[in-house]
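To get our numbering, take the position in the sequence shown, counting from 1, and add 846. What follows is a short report on a single structure.
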Amino acid sequence: MRRIRLPRTRTGRTVAALTAAVVLVGAFAGFAWFARYQAQQRDRATRACLTAVAPASQAIFSYDYRNFDASVANGQSFVTGAFAKEYATTTAGLKATAIKEQAIVQAQVSAVGTVDTSGDSVDVLVYLNQYRRNANVTGEKVDQDRVLLTLVRAGRDCKVSRAAAI
């Protein structure tokens, strides 16, 4: 018996090419969606941390000898991680001097700017004026400081995880 040969069709190649095209378009769409999602997350983190940086800076860099422990507790509520330990150590060493010199330091933020954002971490440059009075100084002195703070998301809030004077 003789076999009948049917003409070869290119259906298999066409299906493979269409499948590859659909997969590539899907991968590109997924990549674009994920990139947009990450950008939105960075924007949210930046906005949240910029909102939190002024009150955090003022609390961390201010104290009053008359209620030093309350000032430190207020500042402690804005810090996290290893910086929380560093802050506790620094303020514990400062307490005796602050009480002895009757020191009052009031920090005010004059400007802030985002330096870098990655994930839930935001580096913010803070222009900070510290108005200080103590028993050794007549009147009030102003120290103009520049501080680079790293803020991280801690639940719904942003907290300072690192501080470096510039």
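Even for Gly, the Cβ is constructed at its ideal location relative to N, Cα and C.
Residue i versus residue j: straight-line alpha-carbon distance, rounded
| i | j | result |
| --- | --- | --- |
| A881 | T963 | 15 Å |
| G872 | W879 | 10 Å |
| A928 | T937 | 14 Å |
| L983 | Y911 | The question names Leu, but residue 983 in the sequence shown is Val. Going from the Cα of V983 to the Cα of Y911 covers about 15 Å. |
| T865 | V961 | 44 Å |
Contact under 7 Å by Cβ, residue i with residue j
| i | j | result |
| --- | --- | --- |
| L971 | L994 | yes |
| V998 | S967 | yes |
| F924 | A944 | no |
| A905 | C1004 | no |
| V992 | V951 | The amino acid at residue 992 is misidentified as Val; the sequence shows Arg. Not closer than 7 Å, so no. |
Continuous alpha helix (DSSP H) stretch holding residue i: start and end
| i | result |
| --- | --- |
| A953 | Premise fails: A953 lies in the beta strand (DSSP E), 950 to 964, not in any alpha helix (DSSP H). |
| T860 | 857 to 906 |
| N920 | 914 to 922 |
| E932 | 927 to 946 |
Beta carbon proximity, residue i to chain C, threshold 7 Å
| i | result |
| --- | --- |
| A894 | No chain C appears in the structure shown, which is made up of a single protein chain. |
Three-way DSSP call (helix, strand, coil) for residue i in this model
| i | result |
| --- | --- |
| R1002 | coil |
| V993 | strand |
| V988 | strand |
Limits of the unbroken beta strand (DSSP E) element including residue i
| i | result |
| --- | --- |
| V972 | 967 to 979 |
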